Structure formats: structure tokens, C-alpha cells
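Each residue of the sequence shown is one higher than the last, beginning at 14 in this note's numbering. Glycine included, each C-beta is placed from N, C-alpha and C at the ideal position. Remember, predicted model here, so these are calculated numbers, not experimental data. To keep things clear, I will list the structure first and then write my remarks on it.
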Amino acid sequence: MIYQKITNNLKDLFDRSHDSHGMLVLELSPEKVLPLVTRLKEEFGFDLFLDVTAVDYPEREPRFDVVYHFYSSNQNKRIRLKVQVPETEPVVPTLTGLYGSARYLERETHEMYGIRFNGNDDLRPILLYEGFVGHPLRKDYPIDMEQPIVEYRKQVESGI
């Protein structure tokens with residue numbers, strides 16, 4: 014089975030593995046993300062980067078889990094990676110060199126949680142407006158916080 018091959022061949026790149034509802038979950042440190050994902054893609058055929066998000070545990074240190082999901086179209090299998098990052102330095106490497114879709118997926122996680130993706134040169138807001146203060150999916154984000162008013166930008170008229 015593919016999951017057994019992954020755990021045997023990549024055991025030096027992750028700290029812990031377990032099963033979650035039939036899916037392999039690997040827990041690893043930030044510096045091992047790029048080598049592990051590279052091998053998952055090149056050696057094991059995980060050709061689709063499904064998503065990246067974060068989970069906020071404000072009472073825990075490190076505070077955040079960055080969670081990735083990948084899919085192998087040849088094997089019809091999914092895999093989840095979990096990477097713990099501290100609140101003081103919530104940084105993981107970008108996957109834009111391996112998956113083009115990472116450029117946008119990482120933007121959303123950066124915007125909602127404040128996780129930085131080292132090497133992604135385009136972490137502009139994708140869901141919220143520029144000037145929005147804070148990260149709304151963090152559990153300590155004040156739900157009644159008022160945002161600064163930004164000046165309306167007129168759209169450029171197109172000749173269409």
C-alpha cells in the first residue's frame with residue numbers, strides 16, 4: 014500500500030504519522046516541508062495540491078497548525094501534513110515552486126491567520142480589502158472590532 018511505502022521511505026522527514034479516517038497524516042517541522050512535499054510529488058505522484066489552512070490553538074505553544082492536503086490522481090489517495098508554528102514566528106516555506114495553485118491558497122491562509130509563506134512574493138489580500146486590520150480566523154480576533162474606513166476607488170472605465 015502507498016501509505017506504508019511513504020512512511021517507510023520518508024521516515025526521516027516527519028516526526029509522527031497516524032491514520033485519520035483512512036487518510037495518512039504526517040506531522041513534521043517547518044524546515045522539512047519542502048523536502049517532504051517534493052518527494053511526495055516526484056516519487057509518490059501527489060500531483061494535486063488541494064488546500065492549505067491553519068488551526069488556531071491560542072492556549073498552546075506552538076499556537077498554530079498549518080494543515081496541507083494533497084491528492085494523487087494515479088493512486089486515488091489523499092494525504093494530510095500538519096506543521097506546528099509559533100505565534101511569534103508563524104512561517105513555513107512556500108510551495109509555489111512545486112504547485113502553481115499555492116500562490117493563491119497561501120494568500121488566503123496568510124490573510125485569515127497571519128501565517129507567512131517564505132518565498133511567496135504575492136501575499137496580498139485575496140478575500141478582504143487592503144487595509145483590513147488583523148486576522149479574522151484567529152480565535153482571539155475581536156468579533157465586534159471596527160475596521161478602518163478606506164477611500165472608495167473608482168473603477169477604470171473600459172471601452173467594452
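Quiz prompt | Exposure of Leu140, with buried meaning 16 or more beta-carbon neighbours within 10 Å | solution = Position 127 of the sequence shown, counted from the first residue, corresponds to residue 140. Flag for Leu140 reads exposed.
Quiz prompt | Cβ-based burial, Asn87 [other Cβ within 10 Å; buried from 16] | solution = Your numbering for residue 87 matches position 74 in the sequence shown. Counting of Cβ neighbours within 10 angstroms places Asn87 among the exposed residues, the total staying below 16.
Quiz prompt | Residues near Pro71 in its chain [Cβ-Cβ closer than 6 Å; skip 5 each side] | solution = Here the question's residue 71 lines up with position 58 in the sequence shown. Cβ within range, chain order: Lys152 and Asp153.
Self-check item: Proximal residues to Leu39 (C-beta, below 6 Å), its chain only, five neighbours per side dropped
Solution: Along the sequence shown, read from residue 1 onward, the residue named residue 39 stands at position 26. So the list reads Phe27, Ser30 and Leu94, once near-sequence residues are dropped.
Self-check item: Three-state class that DSSP yields for Pro138 in the structure shown
Solution: Within the sequence shown, residue 138 is the residue found at index 125, counting from 1. Three-state DSSP puts Pro138 in coil, outside helix and strand.
Self-check item: Contact check, Pro149 vs Arg120, beta carbons under 9 Å
Solution: Residue 149 sits at position 136 when you count from the first residue of the sequence shown. Residue 120 sits at position 107 when you count from the first residue of the sequence shown. Against a cut-off of 9 Å, the Cβ pair of Arg120 and Pro149 comes out as no contact.
Self-check item: Start and end residues, beta strand (DSSP E) containing His82
Solution: As a working note, residue 82 is residue 69 in the sequence shown. Phe77 to Ser85 is the extent of the beta strand (DSSP E) around His82.
Practice problem: Please classify Pro103: is it buried, with 16 or more other beta-carbons within 10 angstroms of its beta-carbon, or exposed? | Solution: On the sequence shown, position 90 is the one that residue 103 refers to. It counts as buried.
Quiz item: Per DSSP, Gln97 forms a beta bridge with which residues?
Solution: Start at 1 with the first residue of the sequence shown, and residue 97 comes out as number 84. In DSSP, Gln97 forms a bridge with Asp78.
Quiz item: For chain C, is any of its Cβ atoms less than 9 Å away from the one on Val79?
Solution: No chain C is present in this structure, which holds just one protein chain.
Quiz item: From Gly132 to Thr109, what does the alpha carbon distance come to, in whole angstroms?
Solution: As a working mapping, residue 132 is identified with position 119 in the sequence shown. As a working mapping, residue 109 is identified with position 96 in the sequence shown. C-alpha separation (whole angstroms): 8 Å.
Quiz item: If you drop the 5 nearest sequence neighbours on each side, which residues of the same chain put their C-beta closer than 7 Å to that of Tyr142?
Solution: Looking up residue 142 in the sequence shown gives position 129. The answer, listed in chain order, is Val163.
Quiz item: Under three-state DSSP, which class holds Ile162?
Solution: Taking the sequence shown and counting its residues from 1, one reaches residue 162 at position 149. If DSSP states are grouped into helix, strand and coil, Ile162 belongs with coil.
Quiz item: Is the number of C-beta pairs between the stretch 64–81 and the stretch 113–127 that are closer than 8 Å three or more?
Solution: yes
Exercise. Would you mind sorting Thr101 into buried or exposed? The rule is 16 or more other CB atoms within 10 Å of its CB.
Key: By one-based count along the sequence shown, residue 101 stands at place 88. So Thr101 ends up on the exposed side.
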